[in-house]
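Accompanying notes for the structure given below.
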Ligand code: 5AD
Ligand code: SF4
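Residue numbers (this note's numbering): 9 to 484.
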């Protein structure tokens, strides 16, 4: 087979949704085929979007490479959620610019939230960037690349009210072959006062459920055993059938995806405390393959701060939702996002966050210092008046408490047996597998003959720390 045929064959396979990488030592002899390299930053949605971008690029003869030195096109899929996230990208661009000096023909593109937030000014600030493409404009990439090849810059940062990339079959880039993300909606209508996402990702829109089910089915047939349904606020998923007017809620969608196959685990992220319904909790309870795990960001444990954050719930409401979860799903774990040092937060209000964390018994939390984002409601209305040292010391208190809670949480699992989906080798040893429980806890255990990634095993837990459970395989 000549190299061109080989590439054609690989391209066809890639369109079936599997990523492939031609060997970087192998010269690309087909002049129509070029290599792209993509780095993703920030949330799972960005990683999922990069797989859509890979699919769009494969349609115009680009193949992925893992080696930046071999790329004709370098893309950074960026995050704007905190100032630090943008600083990281700018640092990375400095390194990439050096490469571009050496190889001026390399095309460099910024995708995602930073492209959307900074628009044209990004091209002016970062002279060596050729492409700036917002999250709703990825279909335009081939055209924009042509413009750059003709000597212009390529920019499209138009946001859309309809785009969901529903018909695009993502190419799984960093796949373990077992777990995959499925994007079910885009944008956010919530306007939390601290958050830049509604400005960078636009209005909320939901994807056709039939394309979601088709994607889940296809993944299962390919050997995947877990899908995570992604959206900024999955509980507000809403889709109306254009012919029958039938309405699909998130509870309906979850049930349909769970029915794809009992061996396909279903997870979802992110839930919003104001929107998560008992109907969703009952669907989780009804299906063994919908995981007993809810990521339910609280952000703060104090009602005044929650109101300033425009979260539209208070401390009592959040506690009530946790109680509903405990009643309907007694085995479920809950994790959270927390922001410390939001505008005017007092020491007492910070203590309210600590006490709520203990009460809610979060299995895990993502914790951040407040970072003012230009253009947000909070930036316009409130002063970012908590000194950095105070933000930092509150953050370290929160991190220390979460570690203690997680350690105790995991210690309670010792002596129990969990059904675990094997994801691959553990980070530390090829003699051990890693996998997750339904409750999203990472479990490490010695390999045994006959088991492979994608298999379910029962693991008896012998020990634990704040991040991991350790055990061994037992008969169910
Ligand atoms: N500063 C700090 N953290 C933020 N987040 C969102 N915006 C900001 C900000 N301006 C956090 C929230 C959100 C998570 C994805 O990032 O906790 O849930
Ligand atoms: Fe940002 Fe709030 Fe939307 Fe989450 S729900 S993306 S925090 S505005």
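Positions of the beta carbon are idealized from the N, C-alpha and C atoms, including for glycine.
**Prompt:** I think residue 465 touches residue 459, with their Cβ atoms under 8 Å apart; what is that distance to the nearest whole Å?
**Reply:** The pair is a contact, with the Cβ atoms about 6 Å apart (cut-off 8 Å).
**Message:** Within the continuous alpha helix (DSSP H) that includes residue 307, where are the two ends?
**Reply:** That residue, residue 307, is in no alpha helix (DSSP H); it is neither H nor E in DSSP.
**Item:** Cβ distance (whole Å) where residue 85 is taken to contact residue 47 below 8 Å
**Value:** Between residue 47 and residue 85 the Cβ distance is about 7 Å, and since that is below 8 Å, they are a contact.
**Item:** Counterpart residues of residue 478 in DSSP-defined beta bridges
**Value:** Residue 478 is bridged to 452 and 471.
**Residues near residue 385 by beta carbon distance below 7 Å, same chain, minus five either side** = Closer than 7 Å at Cβ, skipping near neighbours: 199, 201 and 318.
**Prompt:** What residues come near ligand 1, if near means a beta carbon less than 6 Å from any of its heavy atoms?
**Reply:** 89, 90, 202, 203, 305, 307, 345, 347, 376, 378, 379 and 381
**Backbone secondary structure at residue 327 - three-state DSSP** = Of the three classes helix, strand and coil, the one that applies to residue 327 here is helix, per DSSP.
**Request:** Please classify residue 191: does DSSP put it in a helix, a strand, or coil?
**Result:** strand
**Request:** Select from 362, 245 and 383 the residue whose C-alpha is nearest the C-alpha of residue 408.
**Result:** When only C-alpha atoms are compared, the closest one is 362.
**Asked** By how many angstroms is the C-alpha of residue 243 removed from the C-alpha of residue 49?
**Response** One alpha carbon belongs to residue 49, the other to residue 243, and they sit about 24 Å apart.
**Item:** Closest Cα partner of residue 444 within the set 462, 351 and 136
**Value:** 462
**Message:** With a threshold of 7 Å (Cβ to nearest heavy atom), would residue 280 be considered close to ligand 4?
**Reply:** Ligand 4 is not part of this structure, which contains only ligand 1 and ligand 2.
**Asked** For residue 266, which residues from the same chain have a beta carbon less than 6 Å from its beta carbon, with the 5 sequence-adjacent residues on both sides left out?
**Response** Taken in chain order, the residues that qualify are 274, 295, 297 and 298.
**Request:** Would you mind giving the Cβ-Cβ distance between residue 57 and residue 143, rounded to the nearest angstrom? I have them listed as a contact below 8 Å.
**Result:** 6 Å
**Asked** Whole alpha helix (DSSP H) runs in the stretch 249 to 278 with 4 or more residues, listed along the chain?
**Response** 258 to 266
**Request:** Assign residue 236 to buried or exposed, taking buried as 16 or more other Cβ atoms, counted over all protein chains shown, within 10 Å of its Cβ.
**Result:** buried
**Message:** I'd like to know if the stretch 225 to 241 and the stretch 276 to 292 are in contact, where contact means that at least 3 CB-CB pairs between them fall below 8 Å.
**Reply:** The answer is yes - the stretch 276 to 292 touches the stretch 225 to 241, with three or more Cβ pairs under 8 Å.
**Asked** How should residue 389 be labelled, buried or exposed, when 16 other C-beta atoms within 10 angstroms of its C-beta is the threshold for buried?
**Response** exposed
**Distance between beta carbons of residue 309 and residue 365, contact taken as under 8 Å** = 7 Å
**Asked** Closest to residue 60 by CA distance: which of 375, 192, 477 and 397 is it?
**Response** When only C-alpha atoms are compared, the closest one is 192.
**Within 8 Å, strictly: CB atoms of residue 340 and residue 313** = no
**Contact belief for residue 232 with residue 172 at Cβ below 8 Å, rounded distance in angstroms** = At roughly 21 Å, the Cβ-Cβ gap does not stay under 8 Å, so residue 232 and residue 172 are not in contact.
**Prompt:** Assuming residue 347 contacts residue 410 under a Cβ cut-off of 8 Å, what Cβ separation, rounded to an integer in Å, is found between them?
**Reply:** The C-beta distance from residue 347 to residue 410 rounds to 13 Å, too long to meet the 8 Å contact threshold.
**Request:** Provide the residue(s) that pair with residue 81 in DSSP beta bridges, ordered along the chain.
**Result:** In DSSP, residue 81 forms a bridge with 44 and 115.
**Asked** Is the CB-CB distance between residue 156 and residue 138 below 8 Å?
**Response** yes
**Sequence-distant residues of the same chain with beta carbon closer than 7 Å to residue 454, five excluded per side** = So the list reads 439, 440 and 480, once near-sequence residues are dropped.
**Prompt:** Would the beta-carbon of residue 199 be found less than 7 Å away from any heavy atom of ligand 2?
**Reply:** yes
**Complete beta strand (DSSP E) runs within the stretch 139 to 200 (minimum length 3 residues, chain order)** = 139 to 141, 162 to 164 and 187 to 191
**Request:** Please determine, among 206, 175 and 209, the residue with the shortest C-alpha to C-alpha distance to residue 215.
**Result:** It is 175 whose Cα lies nearest to the Cα of residue 215.
**Through-space distance from residue 90 to residue 350, alpha-carbon basis** = 13 Å
**Message:** So, for residue 276: in the same chain, excluding its five sequence neighbours on each side, which residues have a beta-carbon less than 6 Å away from its beta-carbon?
**Reply:** 237 and 242
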